[in-house]
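Step one of this worksheet: look at the structure below.
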Amino acid sequence: MIALDDLDRALLRALVADAARPAAALGRELGLSQPATWRRIKRLREAGVLAGRRLELDADAVGFGVTVFLGIKLATKGRVSLEDFERAVSAIPEVQTVAHVLGLYDYRLRVVARDLADFERVLRRRIMALPGVGDVEANVLLSEERRPGPI
113 MIALDDLDRA
123 LLRALVADAA
133 RPAAALGREL
143 GLSQPATWRR
153 IKRLREAGVL
163 AGRRLELDAD
173 AVGFGVTVFL
183 GIKLATKGRV
193 SLEDFERAVS
203 AIPEVQTVAH
213 VLGLYDYRLR
223 VVARDLADFE
233 RVLRRRIMAL
243 PGVGDVEANV
253 LLSEERRPGP
263 I
């Protein structure tokens, strides 16, 4: 585990807010030179704190205006391996995240759809058709506030 100082944490918050900002702009905001900013970013990458470079799409802007969180309880855990279920559900393009969880359900999925009719089609034809799916609970997202996390 890498020790993070206040400048590292400020840099991480700035990168989470907008990872495409140039190092010079980040440095000016943090009171660092561009080379010092790059060195910190490189150190954070090498330590595994910064993992990958992802672009986040606005699902609503590309026509997927409905987000649903599904709780899935597997009916036949012994007959269907968790890996098989994860592989099958991950192949469904509308499924954005698959989380294996402890609690009432075995999995929590984040699913996007064009509208509720489209979600019903995805649920009935794709998700419920997967082997081992038992109980399903759906929660439709009404609003969301994104936060950078505990930095």
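Under the numbering used here, the first residue of the sequence shown carries the number 113, and numbering increases by one thereafter.
For each residue, glycine too, the CB sits at the ideal point set by N, CA and C.
Here the structure is a predicted model, which is why all the values come from computation and not from measurement.
Annotation: Asn251 to Phe181 spans about 5 Å, alpha carbon to alpha carbon. Short of 8 Å from the beta carbon of Met240, and not among the five residues preceding or following it, lie these beta carbons of its own chain, in chain order: Val248. Rounded to the nearest whole angstrom, the C-alpha separation of Gly177 and Arg151 is 40 Å. With fewer than 16 other Cβ atoms inside 10 Å of its own Cβ, Gly261 counts as exposed.
Runs of the beta strand (DSSP E) lying entirely within the region 201 to 242, each at least 3 residues long, are 207 to 212 and 219 to 225 in chain order. Within its own chain, the residues whose Cβ lies closer than 7 Å to the Cβ of Val210, once the five positions on either side in sequence are excluded, are Glu198, Val201, Ser202, Tyr219 and Leu221, listed in chain order.
Shortest Cα-Cα distance from Ile204 to any of Val223, Gly246 and Ala148 involves Val223. Burial state of Asp120 is buried, judged by a 10 Å Cβ sphere holding 16 or more other Cβ atoms. For Gly246, the enclosing beta strand (DSSP E) stretches over residues Val245 to Val252.
Ile184 is bridged by DSSP to Tyr219 and Val248. DSSP places Val174 within a helical segment (H, G or I) once states are collapsed to three. Using a Cβ distance threshold of 8 Å, Ile114 and Val174 do not count as a contacting pair. Residue range Gln146 to Glu158 is occupied by the alpha helix (DSSP H) that includes Glu158.
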